[in-house]
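Colleague:
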Amino acid sequence: MDMMIPTRFEERPLGPLFGAELRGLRIASDLTEAEFASYLDAFHRHHLLLLRDVPFDPAAHVAFSRRMGPLELHAQTRYTHPGHPEIFCVGNYTEDGEPRANFARGIEQWHADSSYRKVPSAASLFYGVICPPEGGETWFLDAAGAYAELPAAMKARIDGLRAVHSLATLAEWGRQHNPERPPLTEEQTRRWPPVSQPLVRVHPVSGVRSLFLCPAVISHVEGLAPEEGRALIDALMAHASQERYVYRHRWRAGDLVIWDNRCTLHTATLFDHERHVRLMHRTTVAGP
1 MDMMIPTRFE ERPLGPLFGA ELRGLRIASD LTEAEFASYL DAFHRHHLLL
51 LRDVPFDPAA HVAFSRRMGP LELHAQTRYT HPGHPEIFCV GNYTEDGEPR
101 ANFARGIEQW HADSSYRKVP SAASLFYGVI CPPEGGETWF LDAAGAYAEL
151 PAAMKARIDG LRAVHSLATL AEWGRQHNPE RPPLTEEQTR RWPPVSQPLV
201 RVHPVSGVRS LFLCPAVISH VEGLAPEEGR ALIDALMAHA SQERYVYRHR
251 WRAGDLVIWD NRCTLHTATL FDHERHVRLM HRTTVAGP
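Sequence positions in the sequence shown follow the UniProt record's numbering and run 1 to 288.
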C-alpha cells in the first residue's frame, strides 16, 4: 500500500491562479530529503512560493538554493555578496558611501531572469534583508496561465516564432533611466552574445507551455519586421499582464520568495530611495 510522505508545512494560496505560501517549511540544512521532495512538488505545482520569517543566514540561503541545482554567478560581479558570490545584491544599500547593491531607477519591464543566456535560469530565490515600509513591491505574472487562455488564432500565429534576447539591449534600456551607468565592456559583450529564444517555451518538468516575454531584453522577433515584432510583443504583454494573471508581493524583512523562471515573469515597483533603504539577496538556479 502506498504511504503518504509526511510534510511539516501547509500551503495557502497567493494569487488568483498561481502561487502559494508555505507555512512551517525551514531552509536549514536538517531539512530531510522527503521534506525537500515535498517542497519541490509544491514548487512545480504552484510556480511561485512564499516563506515568511526566514532567519537571515546567507550561507543557508545558498545551501538551500544549491539543493535545487547548480547556481549562476551574475554578470554584474560588482554587486555580489562579498562572502557568497552566488548571492546577487539588489537595492540602494550603501556602505561607507559606496553602493553595495545593484540599484536601477525607472520603471522595470516584465522579464524572466537570465533570459539573455543560451540556457535561461530555472529558478530564483529572493530574500528580503531590508524592506522599505512602502513601495519596492515585486509583481509576478502567471505566464503559463496567460498562454493557456490565449485565443486559438494567436496560439497558431506564435507557434514556432523566436525572439532574440540581448544583454546589450537590456543595458541600453537601463541607461535610458540610469545614464550614469557605463555601457557593457567588450568582455561582457563577448561573454553574453545575443541568443534566440522561443516565444512559447515548454517546461522541462511539467510540460506546461508558457509565454517567454521580456520586452526590455528582446531586440527583435526573428522573421518579422521590427514594427510588426514589437507590436506582437506589446499585444502579448497586454494580454498576459491582465489582473487575473498577476500577484503583487508586498515585502517584509525575512520573506523568501521563490519563483520558477520557466513559467513566470516578474517586475518591481518604485520606492522613495531618498528616504528608505532596500536590500535584497538573490540566488539563481541555472537552467534548464
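C-beta: ideal position from N, C-alpha, C; glycine also.
Measure the CB-CB distance between R26 and R12 and report whether it falls below 8 Å.
Modeller: Not closer than 8 Å, so no.
Colleague: Which two residues bound the contiguous alpha helix (DSSP H) that contains W173?
Modeller: Residues 167–177.
Colleague: Quick one: what's got a C-beta closer than 7 Å to A146's C-beta in the same chain, skipping five residues either side?
Modeller: If we look at A146 and ignore the five residues flanking it on each side, its Cβ neighbours are L211, H239, A240, Y245.
Colleague: Alpha carbon to alpha carbon, how far is E228 from E86? Give it in angstroms, no decimals.
Modeller: C-alpha separation (whole angstroms): 39 Å.
Colleague: If I follow the unbroken alpha helix (DSSP H) through E186, where does it start and stop?
Modeller: Run containing E186: 186–191, per the alpha helix (DSSP H) assignment.
Colleague: On the three-state DSSP scale, how would you describe F43?
Modeller: Correct three-state label for F43: helix.
Colleague: Leaving out five residues on either side along the sequence, give the residues of the same chain with a beta carbon under 6 Å from the beta carbon of D2.
Modeller: Bear in mind that the predicted position of D2 carries a pLDDT of just 41, short of 50, making it unreliable; the figure below should be weighed with that in mind. Answer for D2: no residue qualifies.
Colleague: Please name the residue or residues paired with T138 in a DSSP beta bridge.
Modeller: The partner list for T138 (beta bridge, DSSP) reads H249, A268.
Colleague: From which residue to which residue does the alpha helix (DSSP H) around H239 run?
Modeller: From DSSP, the alpha helix (DSSP H) with H239 extends over 226–240.
Colleague: Got a sec, what are the start and stop residues for the beta strand (DSSP E) Y127 sits in?
Modeller: Where Y127 is concerned, the enclosing beta strand (DSSP E) stretches over 123–130.
Colleague: If we ignore side chains and look at the alpha-carbon of each, how far apart do D96 and Q176 end up?
Modeller: So the alpha carbons of these two residues sit roughly 27 Å apart.
Colleague: Return helix, strand or coil for M154, following the three-state DSSP convention.
Modeller: Note: M154 maps to helix in three-state DSSP.
Colleague: Looking only at its chain, what residues have a beta carbon closer than 6 Å to the beta carbon of R162, apart from the 5 residues adjacent to it on each side?
Modeller: Only S196, P198, E222 meet the Cβ criterion.
Colleague: Of all the options D255, P288, W192, V257, which has the alpha carbon lying nearest to the alpha carbon of H74?
Modeller: Taking only the C-alpha atoms, the option nearest H74 is W192.
Colleague: Quick check on the DSSP output: the beta strand (DSSP E) that includes V200 runs from which residue to which?
Modeller: That run of the beta strand (DSSP E) goes 200–202.
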